[in-house]
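A.B. asks:
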Amino acid sequence: ARALMQQAGVPVVPGFQVDEEVVDDAVFREQADAIGYPVLIKAVAGGGGRGLRVVHAPAGFDAALAAVRREAAAAFGDSGILLEKYLDNARHVEVQVFADSLGNVIHLHERDCSIQRRHQKLIEEAPAPGLDDRLRNALGETAVQAAAAIHYRGAGTVEFLLQGEHFWFMEMNTRLQVEHPVTEMITGIDLVDWQLRIANGEPLPVRQDEVALQGHAIEARLNAEDPAADFLPSTGRLQQVHWPDAPGLRIDTGFMAGDRVSVHYDSLLAKLIVHARTRAEALRILASALDHTSIVGTKNNAGLLATLLRHPDFSHGAVPTTWLEQYLPELLEQTAARTPGTQTAPGSASGASPLRAWRNLVHNPYSRRYHLQEQSAPGHDSNAATAVGERSRHVVAPLPGRVITVHVSGGEQVEPGQALLVMEAMKMEHTLTASHAATVDTLLCREGELVAPDAILLTFIEENPS
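According to this note's numbering, the sequence shown is numbered sequentially starting from 3.
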């Protein structure tokens with residue numbers, strides 16, 4: 003895709019790619035140095051935020067490269083990778099295109115998808131805020147140019163990174179995407195109906211100048227996850243499910259009370275989509291709808307989403323893809339303040355089980371890593387030094403999933419932050435790291451094994467208190 007876009011004159015993010023798999027990692031390390039850090043390692047066959055790692059310094063490159071290859075092979079059956087320059091202050095703006103078998107190509111305006119966690123979208127809206135007519139037209143025309151260059155047919159999305167007045171091609175999704183309802187709402191077009199007509203050999207129903215742009219639409223992805231624990235997925239049976247009702251609100255979901263959220267699938271529970279006359283009105287209705295959404299049985303991100311929709315930075319206009327990571331502590335604090343008296347983590351539904359007192363998940367804001375450490379028991383005097391910061395003697399599974407990589411062996415000395423093992427759950431990898439220097443005693447799991455939540459995965463040799 004990158005090569006074809008370059009040939010078509012479409013601006014492409016600087017990077018490195020090869021036509022065949024490169025076995026020697028040294029080639030990629032050299033190219034990363036040439037591109038300049040931070041760099042993005044991407045799975046060639048990737049999508050949906052999987053097979054991506056941002057590397058900020060050479061020291062973390064080898065581990066990230068291995069992780070992307072492993073995840074790419076497991077998710078896509080293709081371990082091929084490429085490198086791109088990581089633009090850390092850019093927006094994610096994509097353009098919906100349609101092409102028929104007669105060579106006609108049009109665009110249906112753009113969507114902004116910059117609110118992301120783990121490179122996966124949480125909020126999508128159309129049209130993208132803060133674009134003038136010149137930039138909006140340039141994005142649309144470039145997307146049409148890209149689709150025409152490859153003789154595309156059907157529905158597709160051309161994705162760009164936007165920084166200031168400049169934009170670069172990132173990838174093309176050759177399908178309808180999760181966020182397609184916001185485009186349907188602002189254009190009044192049934193995109194699935196168009197797909198079927200084009201597949202039947204019919205021409206596009208309208209010309210480019212006949213595509214409407216009506217009001218503003220915004221979508222929120224409601225996921226079974228715990229934002230306070232670095233968006234750790236949450237599984238279990240849904241005891242209660244209540245969806246709100248409001249003017250202009252559409253809810254796409256396949257879940258109801260009694261259903262079980264499994265570790266084997268994506269954590270998406272529902273999409274809440276709102277169409278209104280103005281962006282401000284759409285944000286207000288969606289935030290209120292999230293306030294009135296009730297999910298009991300798993301943690302979820304409804305509270306966090308409602309909070310960020312009301313944040314001045316977001317409500318006043320566009321934000322970059324790194325915004326949520328930067329403001330997450332503030333958003334979590336505000337979410338907790340809006341729901342006083344709950345025993346669950348911010349963003350989770352009432353009725354979900356809290357973490358046990360003796361185990362605390364401390365997230366590293368720069369990676370999906372979980373440091374497992376022991377916490378003082380309730381009632382202990384927080385001023386006795388032995389009670390606070392007491393070190394754990396074992397590592398437990400933070401959620402049900404599969405152990406895919408074990409990095410250590412019995413008798414090995416580990417340092418704080420060192421990777422111990424990697425688990426996979428809900429289509430995401432989760433690296434468990436050491437919270438303190440210790441010696442591994444016994445491994446109680448093996449690669450490929452399915453483990454239950456709170457299962458002991460490995461133990462440490464107990465240190466001499468003296």
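Even for Gly, the Cβ is constructed at its ideal location relative to N, Cα and C. Keep in mind the model is a prediction, meaning the values are calculated, not measured.
Determine the extent of the alpha helix (DSSP H) in which isoleucine 200 is found, giving its start and end residues.
C.D. replies: As a working note, residue 200 is residue 198 in the sequence shown. First-last of the alpha helix (DSSP H) with isoleucine 200: 193-201.
A.B. asks: Write down the C-beta distance between threonine 185 and leucine 110 rounded to the nearest angstrom, noting that I regard them as a contact closer than 8 Å.
C.D. replies: Reading the sequence shown from its first residue, position 183 is the one you call residue 185. Reading the sequence shown from its first residue, position 108 is the one you call residue 110. Confirmed, about 5 Å.
A.B. asks: Alanine 281 and histidine 218: beta carbons closer than 8 Å?
C.D. replies: In the sequence shown, counting from the first residue as 1, residue 281 sits at position 279. In the sequence shown, counting from the first residue as 1, residue 218 sits at position 216. According to the sequence displayed, residue 281 carries arginine and not alanine. Going by C-beta atoms, arginine 281 is nearer than 8 Å to histidine 218.
A.B. asks: Is DSSP giving proline 380 helix, strand or coil here?
C.D. replies: Position 378 of the sequence shown holds residue 380. At proline 380 the pLDDT is 32, less than 50, meaning the model places this residue with poor confidence; the figure from the coordinates comes in the next sentence. Three-state result, proline 380: coil.
A.B. asks: According to DSSP, is arginine 177 part of a helix, a strand, or is it coil?
C.D. replies: Residue mapping note: residue 177 aligns to position 175 of the sequence shown, counting from 1. Note: arginine 177 maps to coil in three-state DSSP.
A.B. asks: Could you tell me which residues DSSP puts in a beta bridge with proline 127?
C.D. replies: Reading the sequence shown from its first residue, position 125 is the one you call residue 127. Before going on, a small fix: residue 127 reads as glutamate here, not proline. In the DSSP output, where bridge partners are listed per residue, glutamate 127 has Asp114, Ile220.
A.B. asks: What is the residue span of the beta strand (DSSP E) that serine 296 lies within?
C.D. replies: In the sequence shown, the residue the question calls residue 296 occupies position 294. Note, serine 296: beta strand (DSSP E), 296-298.
A.B. asks: Please classify histidine 94 as buried or exposed, where buried requires at least 16 other C-beta atoms within 10 Å of its C-beta.
C.D. replies: Your numbering for residue 94 matches position 92 in the sequence shown. Classification for histidine 94: buried.
A.B. asks: Could you say which of Leu124, Asp268, Arg138 lies nearest to alanine 130 if we only look at CA atoms?
C.D. replies: Translated into the one-based positions of the sequence shown, residue 130 becomes position 128. Per the Cα distances, Arg138.
A.B. asks: Which same chain residues, not among the five before or five after alanine 226, have their C-beta less than 6 Å away from its C-beta?
C.D. replies: The residue you call residue 226 lines up with position 224 of the sequence shown. Answer for alanine 226: Ser236, Val263, Ser269, Leu271, Thr300, Asn302, listed in chain order.
A.B. asks: Classify arginine 52 as buried or exposed, calling it buried when 16 or more other Cβ atoms lie within 10 Å of its own Cβ.
C.D. replies: Here residue 52 refers to the residue found at position 50 of the sequence shown. It counts as buried.
A.B. asks: So the candidates are Arg113, Gln98, Cys115; which of them puts its Cα closest to the Cα of valine 107?
C.D. replies: The residue you call residue 107 lines up with position 105 of the sequence shown. Residue Gln98 is the option with its Cα nearest to valine 107.
A.B. asks: How many angstroms separate the CA atom of glutamine 147 from the CA atom of valine 397?
C.D. replies: Here residue 147 refers to the residue found at position 145 when the sequence shown is read from its first residue. Here residue 397 refers to the residue found at position 395 when the sequence shown is read from its first residue. Each residue's alpha carbon lies about 53 Å from the other.
A.B. asks: Do methionine 187 and isoleucine 287 have their CB atoms nearer than 8 Å?
C.D. replies: Position 185 of the sequence shown, counting from 1, holds the residue named residue 187. Position 285 of the sequence shown, counting from 1, holds the residue named residue 287. No, Cβ-Cβ distance for methionine 187 and isoleucine 287 is not below 8 Å.
A.B. asks: On the three-pair Cβ rule with 8 Å, is the segment 406-424 touching the segment 438-458?
C.D. replies: Because the criterion of three Cβ pairs below 8 Å is met, the segment 406-424 and the segment 438-458 touch.
A.B. asks: Going by beta-carbon coordinates alone, are alanine 45 and valine 15 separated by less than 8 Å?
C.D. replies: Locating residue 45 in the sequence shown gives position 43, counting from the first residue. Locating residue 15 in the sequence shown gives position 13, counting from the first residue. Not a contact, by the Cβ cut-off of 8 Å.
A.B. asks: According to DSSP, is arginine 120 helix, strand or coil?
C.D. replies: Residue mapping note: residue 120 aligns to position 118 of the sequence shown, counting from 1. Coil at arginine 120, not helix or strand.
A.B. asks: Can you name the start and end residues of the alpha helix (DSSP H) that glycine 142 belongs to?
C.D. replies: Sequence index remark: in the sequence shown, residue 142 carries index 140 (1-based). It spans 135-151 - the alpha helix (DSSP H) in which glycine 142 sits, taken as one unbroken run.
A.B. asks: For glutamine 118 and leucine 326, which I take to be in contact (beta-carbon distance under 8 Å), what is that distance rounded to the nearest angstrom?
C.D. replies: By one-based count along the sequence shown, residue 118 stands at place 116. By one-based count along the sequence shown, residue 326 stands at place 324. Indeed they touch by this definition, with Cβ atoms about 7 Å apart.
A.B. asks: Could I get the ranges of all uninterrupted alpha helix (DSSP H) runs contained in the segment 13-95, with 4 residues as the minimum, in chain order?
C.D. replies: Counting only runs of 4 or more, we get 27-37, 63-78.
A.B. asks: Quick one: measure Cβ to Cβ for proline 205 and aspartate 102, integer angstroms, because I've assumed they're closer than 8 Å.
C.D. replies: Numbered from 1 along the sequence shown, position 203 holds the residue referred to as residue 205. Numbered from 1 along the sequence shown, position 100 holds the residue referred to as residue 102. Going by Cβ atoms, the distance from proline 205 to aspartate 102 rounds to 5 Å, so yes, they are a contact pair.
A.B. asks: Measure the C-alpha to C-alpha separation of cysteine 514 and glycine 203 and round it to an integer number of angstroms.
C.D. replies: Shown here, the chain extends from 3 to 468; a query on residue 514 therefore has no answer.
A.B. asks: Rounding to the nearest angstrom, what Cα-Cα distance links phenylalanine 162 and alanine 149 in this structure?
C.D. replies: Counted from its first residue, the sequence shown places residue 162 at position 160. Counted from its first residue, the sequence shown places residue 149 at position 147. Those two C-alpha atoms are separated by around 13 Å.
A.B. asks: Taking only three categories from DSSP, how would you classify phenylalanine 233?
C.D. replies: As a working note, residue 233 is residue 231 in the sequence shown. Residue state, collapsed to three classes: coil.
A.B. asks: Please work out which residues of its chain come closer than 8 Å, Cβ to Cβ, to alanine 140, disregarding the five sequence neighbours upstream and downstream, and give them in chain order.
C.D. replies: Here the question's residue 140 lines up with position 138 in the sequence shown. So the list reads Phe169, once near-sequence residues are dropped.
A.B. asks: Just to confirm, is the Cβ distance from phenylalanine 18 to leucine 67 under 8 Å?
C.D. replies: By one-based count along the sequence shown, residue 18 stands at place 16. By one-based count along the sequence shown, residue 67 stands at place 65. Cβ atoms of phenylalanine 18 and leucine 67: not closer than 8 Å.
A.B. asks: Using the C-alpha atoms, what's the distance from glycine 142 back to arginine 340?
C.D. replies: Position 338 of the sequence shown, counted from the start, is the residue given in the question as residue 340. Position 140 of the sequence shown, counted from the start, is the residue given in the question as residue 142. Arginine 340 and glycine 142: Cα-Cα distance of roughly 40 Å.
A.B. asks: Alpha carbon to alpha carbon, how far is serine 369 from histidine 121?
C.D. replies: Here residue 369 refers to the residue found at position 367 when the sequence shown is read from its first residue. Here residue 121 refers to the residue found at position 119 when the sequence shown is read from its first residue. Confidence in serine 369 is poor, its pLDDT being 27 and thus under 50, which makes the residue's placement unreliable; the coordinate value appears in the next sentence. Taking the straight line from one Cα to the other gives about 12 Å.
A.B. asks: Name, in chain order, the residues that DSSP records as bridge partners for proline 225.
C.D. replies: Translated into positions along the sequence shown, residue 225 becomes position 223. At residue 225 the sequence reads asparagine, which differs from the proline that was named. Looking at the DSSP assignment, asparagine 225 forms a beta bridge with Leu270.
A.B. asks: Run the CB neighbour count on proline 249, radius 10 Å, all protein chains shown included, and call it buried at 16 or more, exposed below.
C.D. replies: Translated into the one-based positions of the sequence shown, residue 249 becomes position 247. Proline 249 is exposed by the Cβ-count criterion.
A.B. asks: Among all the DSSP beta bridges, which residues are the ones paired with histidine 438?
C.D. replies: By 1-based counting over the sequence shown, the position of residue 438 is 436. In DSSP, histidine 438 forms no bridge with anything.
A.B. asks: Suppose contacts are defined by Cβ-Cβ distances below 8 Å. Is glycine 413 in contact with valine 453 by that definition?
C.D. replies: If you number the sequence shown from 1, residue 413 lands on position 411. If you number the sequence shown from 1, residue 453 lands on position 451. Not in contact: glycine 413 and valine 453 (Cβ atoms no closer than 8 Å).
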